[in-house]
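Trainee:
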Amino acid sequence: MIVSIELDRETDGRWIAEAFELPGVMAYGATREEAISNTEKLAIEAIADQIAHGEKPASSTHS
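Everything in the sequence shown is counted per numbering that gives the first Met the number 0, starting at 0 for the first residue and increasing by one.
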């Protein structure tokens, strides 16, 4: 699964990253890299949870 991450910077200087393919998967970080890393970790957990519950990830191409 390919996950697109968008970054934005808050007015207080923190970075926020969001994984578009996984609703609700977003995380803050003090740096761009930290925000991306935190979001990637959450994305992996979200995908693993979907698989554990017998759900296909949103962009799964398998039948």
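A virtual CB, placed ideally from N, CA and C, is assigned to each residue, including glycine.
In the segment 6-48, which residue ranges form an unbroken beta strand (DSSP E) of at least 3 residues, counting only runs that do not cross its ends?
Mentor: Qualifying beta strand (DSSP E) stretches, in chain order: 14-18, 25-28.
Trainee: Using the C-alpha atoms, what's the distance from L6 back to G12?
Mentor: Position 13 of the sequence shown, counted from the start, is the residue given in the question as residue 12. Position 7 of the sequence shown, counted from the start, is the residue given in the question as residue 6. About 12 Å.
Trainee: Going straight from the alpha carbon of A26 to that of E54, what length do you get?
Mentor: One-based indexing of the sequence shown puts residue 26 at position 27. One-based indexing of the sequence shown puts residue 54 at position 55. Using only the alpha carbons, I get a separation of about 23 Å.
Trainee: Residues bridged to I4 by DSSP?
Mentor: Taking the sequence shown and counting its residues from 1, one reaches residue 4 at position 5. Beta-bridge pairing links I4 to A18.
Trainee: Between the alpha carbons of P22 and A29, how many angstroms are there, rounded?
Mentor: The sequence position of residue 22 within the sequence shown is 23, counting from 1. The sequence position of residue 29 within the sequence shown is 30, counting from 1. Rounded to the nearest angstrom, the two C-alpha atoms are 22 Å apart.
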